[in-house]
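Structure first, commentary second.
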Amino acid sequence: PSMTRGITVEVPNVTWDDIGGLKGLKKKLQQSVEWPIKHAASFSKLGISPARGVLLYGPPGCSKTTLAKAAANAAQASFFSLSGAEMYSMYVGEGEALLRNTFRRARLSAPSIIFFDEADVVAAKRGGSSSGNVTVGERLLSTLLTEMDGLEEAKGILVLAATNRPHAIDAALMRPGRFDLVLYVPPPDFEARYEILQVHTRPMKIGSDVNLKKIAEDTELFTGAELEGLCREAGIVALREDITASVVCDRHFQTVKDSLKPALTSADID
Ligand code: ATP
């Protein structure tokens with residue numbers, strides 16, 4: 277991927293099949309991200325305007341970023357990734373310039389998807405600051421709104437944003453023509469955990485005694501990121517035991533699982 281400070285561009289190589297569970301969500305993203313880019317003519321023929329922005333929210337490590345990348349891959353779109361936190365920490369004016377620059381480059385390499393991670397940092401609610409000064413966040417937000425409103429004529433550009441704190445997002449971004457679609461990305465249930473374990477053990481050599489269904493049952497509250505970590509660590513435990521090991525066995529998975537405590541609590545599941 278090409279890099280300039282704060283921005284990464286690539287057509288990602290993640291596919292829908294690399295994401296376990298979330299069937300309904302994948303379908304929604306196919307319709308709202310992939311179709312408008314691949315079948316733009318069909319939309320205009322029917323006189324419907326596709327969503328310009330999609331907000332993904334939910335706990336960390338549950339594949340918001342991965343979903344955005346898979347959508348870009350499916351649509352064969354350039355993927356511009358921006359971090360809200362990184363933009364916030366830039367010098368005065370630098371974050372706004374980066375935003376404008378990203379939208380400009382996205383227009384040039386359309387179809388494009390612009391992805392904002394930690395969007396709440398940039399798009400935080402405007403609260404009348406007592407000093408009367410316009411804050412960094414407020415300037416970034418107003419730049420973002422201007423750029424999104426300017427997408428009207430631009431075809432094939434979609435903004436995807438991710439946050440763990442949807443309530444912190446300014447309501448102005450939720451107006452029609454901005455983030456028209458708001459999707460919850462939940463932590464994985466049993467079926468999803470089973471699929472995630474299958475995805476991440478696909479490239480591994482695992483023993484016939486490994487029962488992924490049982491591991492999925494025993495990993496309630498684990499996020500996708502934690503399950504991925506579990507698979508990788510099990511491999512390391514196997515190597516630590518025997519550097520010439522040819523398979524990862526159930527006991528390696530069990531050792532790691534017993535040492536992990538999920539970061540989510542049942543209060544995070546609704
Ligand atoms: P954050 O809010 O921390 O940015 P996120 O929700 O964007 O997290 P990702 O960065 O997409 O999460 O996921 C982290 C890692 O966990 C990825 O490398 C991905 O491989 C793995 N992962 C998460 N969910 C899944 C899933 N459903 N299927 C397969 N892998 C997953």
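Residue numbers (the UniProt record's numbering): 277 to 546.
Ideal Cβ placement from N, Cα and C applies to all residues, glycine included.
Asked	Found
Reduced DSSP secondary structure (H/G/I, E/B, other) of SER359	strand
Stretch pair the stretch 455-473 + the stretch 332-343: three plus CB contacts closer than 8 Å	yes
Which of helix, strand or coil DSSP assigns to ILE472	helix
ALA444 versus SER325: straight-line alpha-carbon distance, rounded	27 Å
Beta-carbon proximity of LEU503 to ARG451, cut-off 8 Å	no
Beta-carbon proximity list for CYS507, same chain, < 6 Å, skipping 5 on both sides	HIS476 and THR477
Residues that SER354 bridges to, as DSSP identifies them	SER388
VAL523 versus LYS533: straight-line alpha-carbon distance, rounded	18 Å
Length of the line joining the Cα atoms of PRO336 and LYS537	15 Å
Residues near VAL368 by beta carbon distance below 8 Å, same chain, minus five either side	VAL412
Cross-strand partners of VAL524 (DSSP beta bridge)	ILE482
Pick from ASP544, ASN349, PRO479 and GLU471 that is closest to LEU497, judged by C-alpha positions	ASP544
Where LYS489 falls, given that 16 or more other Cβ within 10 Å makes a residue buried	exposed
Cβ-Cβ separation, TYR333 to THR439 (assumed contact under 8 Å), whole Å	5 Å
Residues bridged to PHE455 (per DSSP)	GLY329
Whole-number beta carbon distance between ALA386 and LYS431, since they are thought to touch under 8 Å	7 Å
DSSP beta-bridge partners of THR439	TYR333
Closest Cα partner of LYS481 within the set LEU331, ALA514, ALA492 and GLY371	ALA514
Per DSSP, cross-strand counterpart(s) of LEU434	ILE389
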